[in-house]
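Trainee: So that you can map any letter, position 196 of the sequence shown is 198 in this note's numbering, and since no number is skipped, the others follow by simple counting. Every residue, glycine too, gets a C-beta built ideally from N, C-alpha and C. Have a look at this one before I ask anything.
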Amino acid sequence: MTGLEARTPLIIDTDPGIDDALAIMLAVASPEVEVLGMTAVAGNVGLDKTAPNLAALADLVGFAGPIGIGAAGPLWRQDTLPAWDVHGENGLGGYELPATERILEPALPLLARLIEGSERPVTVAAIGPLTNIAGLITHFPRAAARVARFVIMGGATLDRPGNTTPAAEFNIYYDPDAAARLFAFGSETGVPITMVGLNVTDHALVGPAHLPALFASDGPCAQMVGHIMANYATDRSGDGTAQHDAVALAAVIDPDILETRSLFVDVENIGRLTSGMTVVDHLGLSGNAPNCDVALSVDVARLRTLLNTRIAALDERLKEA
């Protein structure tokens, strides 16, 4: 098998989003994956921001593949709000990218076309709310069943249950019905799912000191990342900010970066206090077969090295283009 044939075909479903931006840069910069396309969903900010943000980020990193525009809100719930307090009004911490002239395609048929048109099984990295993924499962079940693996940034285990409510992480809380649909689909079909939750990503702190090669490049990615890190609230330890979404993409690029355990996961989508909670059956008490590889730890040093070296190399290529 040649190096090109060994690359993992990848689709990114995302809601940019500060940490989404670094994750996209990492994926496009990494030779282990072939990014086939990217789709936008509402989440960190509204779809009116996430879709143009994604298209503009694609322009920034030199990605010429198709971009899709997906769901403007959750399947049913009406009470979730964007995370403006974290990502800023425009979703990118106030960083302004040049307007794009790209034509955005409807996300669901684009996802199905890319999955079914690939000669090799496609990995889907979903780093926002799972509304588009639930739509794919509902409207294009044959394509969804062909996915090699869904890698999601979302949820958490009991030791770190939530960041939006005491029980729920933002991406799952935003559309718990969509998340429940994905985990049920995993149980029904056996399509693998990897859940990269807050219990792991909270430890993935990255600051300017960890990215010397990137900032030495002073390219377009470095300029954007520098702005984000200067304006995005740091962890109390002063060691950087949690790059939640980059961990999920790093797990596609380098699966050994995570320690995982195969467990049964379901999502609470009704509870008055617990809606959006990922219920992880550590002890097998539910009697259900495992349907998810749950991330338990991450090699933070390895993640920092990936972000530093890969995005720096991408910047050098962009400067030469």
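Under the three-state reduction of DSSP, which class applies to A23: helix, strand or coil?
Mentor: Three-state result, A23: helix.
Trainee: Rounded to the nearest angstrom, what separates S120 and T16 at their Cα positions?
Mentor: In a straight line, the C-alpha of S120 is about 20 Å away from that of T16.
Trainee: Going by beta carbon distance, what residues of the same chain come within less than 6 Å of H246, once the five residues before and after it are set aside?
Mentor: The residues are D21, M155, T203.
Trainee: Please classify A206 as buried or exposed, where buried requires at least 16 other C-beta atoms within 10 Å of its C-beta.
Mentor: The residue is buried, with at least 16 neighbouring Cβ atoms inside 10 Å.
Trainee: Measuring straight from C-alpha to C-alpha, what distance separates I14 and P210?
Mentor: If you take the alpha carbons of I14 and P210, they lie about 25 Å apart.
Trainee: Look at the Cβ atom of D161, then the Cβ atom of T133, and state whether they are nearer than 7 Å.
Mentor: Against a cut-off of 7 Å, the Cβ pair of T133 and D161 comes out as no contact.
Trainee: Quick one: what's got a C-beta closer than 7 Å to G199's C-beta in the same chain, skipping five residues either side?
Mentor: Result list for G199: G156, G157, A158, T159, E171, T280, A297, in chain order.
Trainee: Taking DSSP's pairing of strands, which residues face M197 in a bridge?
Mentor: Beta-bridge pairing links M197 to I154, V296.
Trainee: Can you tell me which of G75, L28, A74 puts its alpha carbon nearest to the alpha carbon of G64?
Mentor: Per the Cα distances, L28.
Trainee: So what does DSSP say about M3, is it helix, strand or coil?
Mentor: Annotation note: pLDDT 40 at M3 (below 50); position unreliable, no value reported.
Trainee: Going by the CB atoms, is the gap between L184 and I324 shorter than 7 Å?
Mentor: Residue 324 is absent from the model: the chain starts at 3 and stops at 323.
Trainee: Going by beta carbon distance, what residues of the same chain come within less than 7 Å of L316, once the five residues before and after it are set aside?
Mentor: Same-chain partners within the cutoff: M27, V30, A31, V63, C223.
Trainee: Based on the DSSP output, what are the partners of P11 in its beta bridges?
Mentor: Paired residues: E36.
Trainee: Compute the distance between the beta-carbons of G221 and L94, then report whether it is under 7 Å.
Mentor: Not in contact: G221 and L94 (Cβ atoms no closer than 7 Å).
Trainee: Could you name each continuous beta strand (DSSP E) segment of 3 residues or more that falls completely within the stretch 235 to 285, going from the start of the chain to the end?
Mentor: If we require 3 residues or more, the beta strand (DSSP E) runs fully inside the stretch 235 to 285 come out as 260 to 269, 280 to 283.
Trainee: Buried or exposed: where does L12 fall if 16 or more other Cβ atoms within 10 Å of its Cβ makes it buried?
Mentor: It is buried - the Cβ of L12 has at least 16 other Cβ atoms within 10 Å.
Trainee: Which partner residues of T203 appear in the DSSP bridge assignment?
Mentor: BP columns for T203 are empty, so no partner.
Trainee: Checking 7 Å against the spacing of the C-beta atoms, do H212 and R306 come in under that value?
Mentor: Yes, they are a contact pair.
Trainee: Could you name the residues of the same chain whose beta carbon sits closer than 6 Å to that of I195, not counting the 5 residues immediately before and after it, in chain order?
Mentor: Excluding positions up to five away in sequence, the list reads F152, G188, C294.
Trainee: Is the distance from the Cβ of E261 to the Cβ of S219 below 7 Å?
Mentor: The answer is no: Cβ separation not under 7 Å.
Trainee: Assuming A150 and V124 form a contact by the criterion Cβ under 8 Å, report the distance between their Cβ atoms to the nearest whole angstrom.
Mentor: Right, their Cβ atoms sit about 6 Å apart.
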